[in-house]
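Here the structure comes first, spelled out in structure tokens, and everything after it is commentary.
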Amino acid sequence: MLADMSNNNNRLAFTKDFFSSPALSLTLAGIFRRGEMAEKGDVEMEEVDDGSGEVRRDDAAEVSSENLGPVRSRSDDDFEGGGVHEENEEGDGGCLVKRRKKYHRHTTEQIREMEALFKESPHPDEKQRQQLSKRLGLSPRQVKFWFQNRRTQIKAIQERHENTLLKAEMEKLREENKAMRELTKKKVGCPNCGTANAAEDHTAFTTTEQLRIKNAKLKAEVEKLRAALGKHSQSSISPSYSSGNDQETNRNCLDFYTGIFGLEKSRIMERVHQALEELKTMAATNEPLWIRSIETGREILNYDEYLKTFHLKNSNTCWLKRHIEASRDTTVVFMEPSRLIQSFMDENQWKEMFPSMISKAATIDVICNGEVANWNGAVQLMFVEVQLLTPLVPTREIYFIRHCKQLDTEQWAIVDVSIDNVDDINIDASLMKYRKRPSGCIIKDESNGHCKVTMVEHLECEKTQVHNLYRTIVNNGTAFGARHWMATLQLQCERLAFFMATNIPIKDSTGVATLAGRKSTLKLAQRMSSSFSQAVAASSYQTWTKVVGKTGEDIRVCSRKNLSDPGEPIGVILCAVFSLWLPVPPHTLFHFLRDDARRNEWDAMFGGDKVDSIANLAKGQDRGNSVSIQTRGSKESSSSSMWILQDTSTNSSESMVVYSGVDVSGMQSVMTGCDSGSLTILPSGFSILPDGAESRSLLITRQKDHKSSDTHGGALLTAAVQIVTDASPSAKPTVDSVEYVKSIVCCTIKNIRSSLGCCEDDC
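-17 is the number of the first residue of the sequence shown in the numbering used here; add one for each residue after it.
In structure tokens:
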């Protein structure tokens, strides 16, 4: 049991964002203090090498939070001076006598060096271990075991932390449900007709109305969380790392799938293997299965050839009655295959890799753990909510099986497929609107830290109404297709590479003097953009209400309450979003919005003052991928207590300009390398998408002499503004606050149109 738990712990590859949690920082501080006590002899810890390449403690079946000092490894050559080790020897009379041998304790300097490397690279390679062992006077085996045990300790802390958060979320949902019931009972109706008073329904921001709408959407969420909480409450270790025997684990998985989805494990595994073979064929075959479009350059799936290739019959495939989206794209990313596989198989890292496209992700259960070190053979049931950065396009909730398989020494496959025959099962039909045909990606090692990724996205959808603005890009697959996923993946891998780099040219990193300050600033900017992505989409986290501007603008508004998150202002937060089409190429609009010299032409939130850039940090090869810090007025004369932090990113499928006011003293601390987790930010900004008009450029001719008449088409712009309406979380948004945030959005859009020479008739 201990070997299973120890081996499974090898799988978790921590990201640097894990160390930014304030709660974890306090816990780690305690760990380091206990480690120093152990070095002085105040704490005695015994470990045993169980032969599996891991080290465990003699007196515990799992790591305990009460004894989390630095665990020291021992091998045969470790027992040399300082400390003791017990061995059994045969004494007089044939009885066994315990004798204590000396063994080596790590020095404080050795611990400090290994801790420093652990923070930079929790999984050092063989070369790094060799260099560190020579520098510290240790054997490579000692270094290896020390890192294994440190990962075990951090893993235990994280899982207990996640368990606590999950329980708190469940309790919050119960309280909201209870409050909704009580308020509904107390709601006063009209004495004549029994309906609600008109004054109560004048605004959609009353607590009762919000809770009623939200409760309907949260029913499915409660059930999913309850199922997950049931597993977590039995053990602080997730199903992937369960310490129970395999037979019991398999029986529980079988019961789960049979009871919830009506499928046996053997049938699921058979379906997964079929999907893997189909993905391999879809990824490797070109014409006539895939035909490249002359107008757009995208690959189009030939469905007649598809049916023929995989021996499918038109009359017996009910999924053909639904809308089909199929796309394929290939790119090279700067990331090692093992780390990329980890990013796909771990739901938290998957969501972090695609922050603008994934609003929720969860591993519901594990069918097969696979090999402990590299995920080979792993099969797990997953849930994802995919979004577009606008409230006008509904999110897509998808349940599917994800399988990881090593094809050869250089190639891996990550295959996704939704389970079949769910129509007759008692599951909310809204959760089955989108189902994955065999999809996924083939990952090939290209050496030098790069890998080639070929993604196939094949989805069947119920035909639904889509807003006119986004109908083209949703129907032709560009909104949620493989090209969008691959462009986002390439952008994020490049961001991570620049984040870890130590040789950034001076021209690409101005205004921040230290490497630690650069990393802290980039981490803050990433948190800001991720928060923006969560705030502006149509996720079930938000309840959007349509309001009309003075000139007929279709604006969506929602409110939320922040009770305790230190990263956002405490109180009631109001968000207003406006999406529109502009007859301007996306890249032209992006560079206009990111240019600090032209910010005063559109910025209605900060008074339209001119700004001066005091720092600029590159986070990608394109100059549009950067983080900047701006001050209103000149650097010398500005006495403002607030700066503007701006994060810009662009790729072929989407661009973003996100900004927020930040406290000057807090931002200065971040720029020196201090932790950015507690700095309060409330992001506003823009999302820019191409309008999908590459193949119909004649439609973009409403201004014949305008730049938009080229083959790039126009741009779909979503502008979002967030403000705090009241510092008290118990307060309610007022009509005046709604009008205020609405006026900021309208004024911003008006300024953009004016600066770009676009009259309202053109939009």
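The beta-carbon is built from N, C-alpha and C at its ideal position, and this holds for glycine as well. Computed from a predicted structure; not experimentally measured.
Local Cβ density within 10 Å of residue 139, reported as buried at 16 or more and exposed below that: Taking the sequence shown and counting its residues from 1, the one referred to as residue 139 is at position 157. Taking a 10 Å sphere around the C-beta of residue 139, we find 16 or more other C-beta atoms and assign the residue as buried.
Simplified DSSP assignment, three categories, for residue 816: This structure gives no information on residue 816, because the portion of the chain shown stretches from -17 to 745.
Residue range of the beta strand (DSSP E) that residue 418 falls in? Taking the sequence shown and counting its residues from 1, the one referred to as residue 418 is at position 436. Start and end: 416 to 418.
Is it true that the segment 502 to 512 meets the segment 640 to 658, where meeting means three or more beta-carbon pairs spaced less than 8 Å apart? Taking a cut-off of 8 Å for Cβ pairs, the segment 502 to 512 and the segment 640 to 658 touch, as three or more such pairs fall below it.
Closest residue to residue 588 among 316, 91, 726, 441 (Cα-Cα distance): Start at 1 with the first residue of the sequence shown, and residue 588 comes out as number 606. Out of 316, 91, 726, 441, 726 has the C-alpha closest to the C-alpha of residue 588.
Comparing alpha-carbon positions, which option in 320, 255, 537, 401 lies nearest residue 432? The sequence position of residue 432 within the sequence shown is 450, counting from 1. The option with the nearest alpha carbon to residue 432 is 320.
Give me whichever residues DSSP pairs with residue 561 in a beta bridge. Counting from one through the sequence shown, the residue named residue 561 turns up at place 579. In the DSSP output, where bridge partners are listed per residue, residue 561 has 700.
What are the partner residues of residue 331, as DSSP defines its beta bridges? The residue given as residue 331 occupies position 349 in the sequence shown. Under the DSSP definition of a beta bridge, residue 331 lacks any partner.
Do the segment 696 to 712 and the segment 549 to 558 make contact, defined as three or more Cβ pairs closer than 8 Å? Of all C-beta pairs linking the segment 696 to 712 to the segment 549 to 558, three or more are shorter than 8 Å, placing the two stretches in contact.
Just to confirm my understanding: we take residue 513, look at its own chain, exclude 5 residues before and 5 after, and list those with CB closer than 6 Å. What are they? Residue mapping note: residue 513 aligns to position 531 of the sequence shown, counting from 1. Result list for residue 513: 665, in chain order.
Length of the line joining the Cα atoms of residue 262 and residue 314: Residue 262 sits at position 280 when you count from the first residue of the sequence shown. Residue 314 sits at position 332 when you count from the first residue of the sequence shown. Residue 262 and residue 314 have their alpha carbons spaced roughly 18 Å apart.
Length of the line joining the Cα atoms of residue 370 and residue 376: One-based indexing of the sequence shown puts residue 370 at position 388. One-based indexing of the sequence shown puts residue 376 at position 394. Rounded to the nearest angstrom, the gap between the Cα atoms of residue 370 and residue 376 is 8 Å.
According to DSSP, residue 96 sits in a beta bridge with which residue or residues? Start at 1 with the first residue of the sequence shown, and residue 96 comes out as number 114. Residue 96 pairs with nothing; no bridge assigned.
Counting only the same chain and skipping the five closest in sequence on each side, list residues whose C-beta sits under 6 Å from that of residue 96. As a position in the sequence shown, residue 96 is number 114, starting the count at 1. Taken in chain order, the residues that qualify are 128.
CA-CA distance, residue 363 and residue 419? Stepping through the sequence shown from its first residue, residue 363 is reached at position 381. Stepping through the sequence shown from its first residue, residue 419 is reached at position 437. The alpha-carbon atoms of residue 363 and residue 419 are separated by roughly 15 Å.
Between which two residues does the alpha helix (DSSP H) carrying residue 469 extend? Translated into the one-based positions of the sequence shown, residue 469 becomes position 487. Residue 469 -> alpha helix (DSSP H) spans 464 to 482.
Which whole runs of the beta strand (DSSP E) in the segment 364 to 402 are 3 residues long or more, in chain order? Scanning the segment 364 to 402 for uninterrupted beta strand (DSSP E) segments of 3 residues or longer gives 378 to 388, 393 to 399, listed from N- to C-terminal end.
Is residue 595 near residue 638, with beta carbons less than 8 Å apart? As a working mapping, residue 595 is identified with position 613 in the sequence shown. As a working mapping, residue 638 is identified with position 656 in the sequence shown. No, Cβ-Cβ distance for residue 595 and residue 638 is not below 8 Å.
Touching by the beta-carbon criterion (3+ pairs, under 8 Å), the segment 346 to 364 and the segment 386 to 400: These segments touch.
C-beta atoms of residue 607 and residue 600 nearer than 8 Å: Position 625 of the sequence shown, counted from the start, is the residue given in the question as residue 607. Position 618 of the sequence shown, counted from the start, is the residue given in the question as residue 600. Against a cut-off of 8 Å, the Cβ pair of residue 600 and residue 607 comes out as a contact.
Whole-angstrom distance between residue 479 and residue 90, CA atom to CA atom: Numbered from its first residue, the sequence shown carries residue 90 at position 108. Numbered from its first residue, the sequence shown carries residue 479 at position 497. Roughly 32 Å separates the two Cα atoms.
Going by DSSP, what residue range makes up the alpha helix (DSSP H) through residue 576? What you label residue 576 is simply residue 594 of the sequence shown in a count that begins at 1. Looking at the DSSP string, the run of the alpha helix (DSSP H) that includes residue 576 is 568 to 576.
Limits of the beta strand (DSSP E) - the one that residue 425 falls within: Working through the sequence shown from its first residue, we reach residue 425 at position 443. Run containing residue 425: 421 to 427, per the beta strand (DSSP E) assignment.
Unbroken beta strand (DSSP E) run spanning residue 596, endpoints: Numbered from its first residue, the sequence shown carries residue 596 at position 614. In the DSSP assignment, residue 596 falls within the unbroken beta strand (DSSP E) covering 593 to 600.
Assign residue 482 to buried or exposed, taking buried as 16 or more other Cβ atoms, counted over all protein chains shown, within 10 Å of its Cβ. One-based indexing of the sequence shown puts residue 482 at position 500. The residue is exposed, with fewer than 16 neighbouring Cβ atoms inside 10 Å.
Using alpha carbons as the reference points, say which of 337, 287, 721, 736 lies closest to residue 466. In the sequence shown, the residue the question calls residue 466 occupies position 484. Checked all of 337, 287, 721, 736; the closest Cα to residue 466 is 337.
Strictly by DSSP, which residues pair up with residue 446? Walking along the sequence shown from the start, residue 446 turns up at place 464. In DSSP, residue 446 forms no bridge with anything.
On the DSSP bridge assignment, give the partners of residue 350 in chain order. As a position in the sequence shown, residue 350 is number 368, starting the count at 1. The beta-bridge partner set that DSSP reports for residue 350 consists of 361.
8 Å contact criterion, which residue 346 and residue 365 should meet: CB distance rounded: If you number the sequence shown from 1, residue 346 lands on position 364. If you number the sequence shown from 1, residue 365 lands on position 383. At roughly 6 Å, the Cβ-Cβ gap stays under 8 Å, so residue 346 and residue 365 are in contact.
Scan the segment 500 to 555 and note each continuous beta strand (DSSP E) run of 3 residues or more that stays entirely inside, going in chain order. Counting only runs of 3 or more, we get 527 to 530, 536 to 544.
Could you tell me how far apart the beta carbons of residue 288 and residue 372 are, in whole angstroms, since I believe they sit closer than 8 Å? Locating residue 288 in the sequence shown gives position 306, where the first residue counts as 1. Locating residue 372 in the sequence shown gives position 390, where the first residue counts as 1. Their Cβ separation, rounded to whole angstroms, is 31 Å, which puts residue 288 and residue 372 out of contact at 8 Å.
Near residue 497, which residues of its chain fall below 7 Å by C-beta distance, leaving aside the five closest residues on each side in sequence? For the purposes of this step, residue 497 is taken as the residue at position 515 of the sequence shown. Taken in chain order, the residues that qualify are 484.
Quick one: grab the DSSP three-state call for residue 648. Position 666 of the sequence shown, counted from the first residue, corresponds to residue 648. Looking at residue 648 - three-state DSSP - the assignment turns out to be helix.
How would you label residue 137, buried or exposed, when you count the other beta carbons within 10 angstroms and need 16 or more for buried? As a position in the sequence shown, residue 137 is number 155, starting the count at 1. By the neighbour-count rule (16 or more Cβ atoms within 10 Å), residue 137 is buried.
Pair within 8 Å by beta-carbon distance, residue 312 and residue 456: Sequence index remark: in the sequence shown, residue 312 carries index 330 (1-based). Sequence index remark: in the sequence shown, residue 456 carries index 474 (1-based). No, Cβ-Cβ distance for residue 312 and residue 456 is not below 8 Å.
Considering only their Cβ atoms, is the gap separating residue 510 from residue 642 smaller than 8 Å? On the sequence shown, position 660 is the one that residue 642 refers to. On the sequence shown, position 528 is the one that residue 510 refers to. Yes, these two residues count as a Cβ contact at 8 Å.
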